[in-house]
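Q: Using the UniProt record's numbering, you'd call the opening residue of the sequence shown number 1 and step up by one each time.
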Amino acid sequence: MATFQQWVAGARPRTLFAAIAPVVIGTAAAAQHSEPSWAIALLAAIVALALQIGVNFANDYSDGIRGTDDSRVGPVRLVGQKLARPESVKAAAFLTFGFAAITGLALVALAEAWWLLPLGVASIWAAWKYTGGDNPYGYRGLGELFVFVFFGLVATLGTMYAETGTLSWFALAAAVGVGAIASAILVVNNLRDIPTDQISGKQTLAVRIGDTGTRRLWLGLIVVSILCIGIMAIWNVWALVGLLSIAAIWRAVTVVMGGAEGRRLVPVLGSTGKYELVYAVAVFAGVFISRALA
Numbered sequence: 001m002a003t004f005q006q007w008v009a010g011a012r013p014r015t016l017f018a019a020i021a022p023v024v025i026g027t028a029a030a031a032q033h034s035e036p037s038w039a040i041a042l043l044a045a046i047v048a049l050a051l052q053i054g055v056n057f058a059n060d061y062s063d064g065i066r067g068t069d070d071s072r073v074g075p076v077r078l079v080g081q082k083l084a085r086p087e088s089v090k091a092a093a094f095l096t097f098g099f100a101a102i103t104g105l106a107l108v109a110l111a112e113a114w115w116l117l118p119l120g121v122a123s124i125w126a127a128w129k130y131t132g133g134d135n136p137y138g139y140r141g142l143g144e145l146f147v148f149v150f151f152g153l154v155a156t157l158g159t160m161y162a163e164t165g166t167l168s169w170f171a172l173a174a175a176v177g178v179g180a181i182a183s184a185i186l187v188v189n190n191l192r193d194i195p196t197d198q199i200s201g202k203q204t205l206a207v208r209i210g211d212t213g214t215r216r217l218w219l220g221l222i223v224v225s226i227l228c229i230g231i232m233a234i235w236n237v238w239a240l241v242g243l244l245s246i247a248a249i250w251r252a253v254t255v256v257m258g259g260a261e262g263r264r265l266v267p268v269l270g271s272t273g274k275y276e277l278v279y280a281v282a283v284f285a286g287v288f289i290s291r292a293l294a
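(1) Should residue 36 be labelled buried (16 or more other beta-carbon atoms within 10 Å of its own) or exposed?
(2) List, from N- to C-terminal side, the alpha helix (DSSP H) runs of 4 residues or more that fit wholly inside the stretch 124–191.
(3) How about residue 151 and residue 32: are their beta carbons less than 8 Å apart?
(4) Thinking C-beta only, is residue 277 closer than 8 Å to residue 21?
(5) Does DSSP classify residue 88 as helix, strand or coil?
(6) What residue range is occupied by the uninterrupted alpha helix (DSSP H) comprising residue 195?
(7) Could you check if residue 122 is buried or exposed, using at least 16 other CB atoms within 10 Å of its CB as the buried criterion?
(8) Report the three-state DSSP secondary structure of residue 59 (helix, strand or coil).
(9) So does the stretch 12–31 actually touch the stretch 271–290, counting three or more Cβ pairs closer than 8 Å?
(10) May I ask you to report which of helix, strand or coil DSSP gives residue 79?
(11) Take residue 191 and list the residues in its own chain whose beta-carbon comes closer than 8 Å to its own, dropping the five residues that flank it on each side.
(12) Does the Cβ of residue 204 have 16 or more other Cβ atoms within 10 Å, making it buried, or fewer, making it exposed?
(13) In whole angstroms, what separates the C-alpha of residue 281 from that of residue 229?
(14) Give the straight-line distance between the Cα atoms of residue 235 and residue 145, rounded to the nearest whole angstrom.
(15) What separation, rounded to the nearest whole angstrom, lies between the Cα atoms of residue 61 and residue 116?
(16) Does DSSP classify residue 1 as helix, strand or coil?
(17) Going by C-alpha to C-alpha distance, which of 9, 104, 237 and 27 sits closest to residue 46?
(18) Reducing DSSP to helix, strand and coil, say where residue 12 ends up.
(19) Does the stretch 157–177 come into contact with the stretch 72–91, if we say contact requires no fewer than three beta-carbon pairs (one atom in each stretch) closer than 8 Å?
(20) So what does DSSP say about residue 67, is it helix, strand or coil?
(21) Do the stretch 171–189 and the stretch 49–57 make contact, defined as three or more Cβ pairs closer than 8 Å?
(22) Between 208, 262, 268 and 13, which has its C-alpha nearest residue 251's C-alpha?
(23) Comparing the CB of residue 77 with every heavy atom of the ligand MG, is any distance shorter than 7 Å?
(24) Using the Cα positions of residue 111 and residue 26, report the straight-line distance between them to the nearest angstrom.
(25) At the level of alpha carbons, what is the spacing between residue 96 and residue 260?
(26) Rounded to whole angstroms, what is the Cα-Cα separation between residue 244 and residue 65?
(27) Leaving out the 5 sequence neighbours to the left and right, which residues in its chain are closer than 6 Å to residue 132 when beta-carbon positions are compared?
(28) Taking residue 6 as the reference, give the member of 290, 78, 178 and 136 with the closest Cα.
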């Protein structure tokens, strides 16, 4: 029987920064256009957190029953380490998805944007099918693409639209930026797991392109996120405050490009997640500084 602390660890709190960041920067995009809605922003943050926790439990369950977590390093694996029954972890995943769905309904009702419902359903489907079901896309090297779409484009643009009823090029640049970082989190996670994934037959993108290619991809995604700050600055020069976030990722760059492996990559997972949140908060701060000075 897993302890409360082990259940919390199984939720993988280090990944939760990635859930909040699109809502923060999506609200910044809303503020760049008009007045943001703090109530909608709060509901969006709750939905995003619930989806991320649900994804983490779903991955724990699906990888655990397949045996792909048996020899992994890194965070607690509730099923893989036999700390909890698979049925309990699966139930935790679906309870969390259910909470996300209920909160999402409240968000859609408040925003009066009912067309967002299909996106919500698609997000839950994508969360489960990453490693769940008979043909999970995470085992075919498509995880990073789906993360970019749902934890980047959908989460950021959906937040702005729910708050303002419109979209902007600024929001698109912001969505690409945080989506790139969210994908980078999965890339470094899979970089760490290349040896065990090769043994278990899990064909992640990292396994397909190899160690060197994965490190270059991770760095490329970080560079894309920085370039997006420059693009956002076309519409609001104060978005350049976002460049301060580079300090949060610099050490991780030296670790990844220096060839670190295994457990030495575990802190990079947390650093990349923190970078995404600092990135979003810094852009958010820049937008609100510009509003204050206007």
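Glycine residues also receive a C-beta, built at the ideal position from the N, C-alpha and C atoms.
A: Answer, in terms of the structure:
(1) On the sequence shown, residue 36 is found 36 positions in, with the first residue counted as 1. Looking at its Cβ environment, which holds 16 or more other Cβ atoms inside 10 Å, residue 36 is buried.
(2) 143–148 and 155–164
(3) Counted from its first residue, the sequence shown places residue 151 at position 151. Counted from its first residue, the sequence shown places residue 32 at position 32. Against a cut-off of 8 Å, the Cβ pair of residue 32 and residue 151 comes out as no contact.
(4) Numbered from 1 along the sequence shown, position 21 holds the residue referred to as residue 21. Numbered from 1 along the sequence shown, position 277 holds the residue referred to as residue 277. The answer is yes: Cβ separation under 8 Å.
(5) Position 88 of the sequence shown holds residue 88. Helix, per DSSP.
(6) The residue labelled residue 195 in the question sits at position 195 within the sequence shown. First-last of the alpha helix (DSSP H) with residue 195: 194–200.
(7) For the purposes of this step, residue 122 is taken as residue 122 along the sequence shown, with counting starting at 1. Exposed, since its Cβ has fewer than 16 Cβ neighbours within 10 Å.
(8) The sequence position of residue 59 within the sequence shown is 59, counting from 1. Correct three-state label for residue 59: helix.
(9) yes
(10) Looking up residue 79 in the sequence shown gives position 79. It is coil, neither helix nor strand.
(11) For the purposes of this step, residue 191 is taken as residue 191 along the sequence shown, with counting starting at 1. Excluding positions up to five away in sequence, the list reads 206, 211, 214, 215, 218, 256 and 265.
(12) Position 204 of the sequence shown, counted from the first residue, corresponds to residue 204. Buried is the call here.
(13) Against the sequence shown, residue 281 aligns to sequence position 281. Against the sequence shown, residue 229 aligns to sequence position 229. Using only the alpha carbons, I get a separation of about 12 Å.
(14) In the sequence shown, counting from the first residue as 1, residue 235 sits at position 235. In the sequence shown, counting from the first residue as 1, residue 145 sits at position 145. Spanning the two alpha carbons is a distance of roughly 27 Å.
(15) Translated into positions along the sequence shown, residue 61 becomes position 61. Translated into positions along the sequence shown, residue 116 becomes position 116. Whole-angstrom Cα-Cα distance: 28 Å.
(16) Position 1 of the sequence shown, counting from 1, holds the residue named residue 1. The answer is coil: DSSP assigns residue 1 none of H, G, I, E or B.
(17) For the purposes of this step, residue 46 is taken as the residue at position 46 of the sequence shown. For residue 46, the nearest C-alpha among the options comes from 104.
(18) Translated into positions along the sequence shown, residue 12 becomes position 12. DSSP places residue 12 in coil when its eight states are reduced to three.
(19) no
(20) Mapped onto the sequence shown, residue 67 falls at position 67. Note: residue 67 maps to coil in three-state DSSP.
(21) no
(22) Counting from 1 along the sequence shown, the entry for residue 251 is found at position 251. Comparing Cα positions, the closest option is 268.
(23) Ligands in the displayed structure: none, and consequently the ligand MG is not present.
(24) Mapped onto the sequence shown, residue 111 falls at position 111. Mapped onto the sequence shown, residue 26 falls at position 26. When rounded, the distance between both Cα atoms is 15 Å.
(25) Taking the first residue of the sequence shown as 1, we reach residue 96 at position 96. Taking the first residue of the sequence shown as 1, we reach residue 260 at position 260. For residue 96 and residue 260, the distance between alpha carbons rounds to 34 Å.
(26) For the purposes of this step, residue 244 is taken as residue 244 along the sequence shown, with counting starting at 1. For the purposes of this step, residue 65 is taken as residue 65 along the sequence shown, with counting starting at 1. So the two alpha carbons sit approximately 42 Å from each other.
(27) Reading the sequence shown from its first residue, position 132 is the one you call residue 132. Same-chain partners within the cutoff: 58 and 62.
(28) Here residue 6 corresponds to residue number 6 of the sequence shown, with the count starting at 1. For residue 6, the nearest C-alpha among the options comes from 78.
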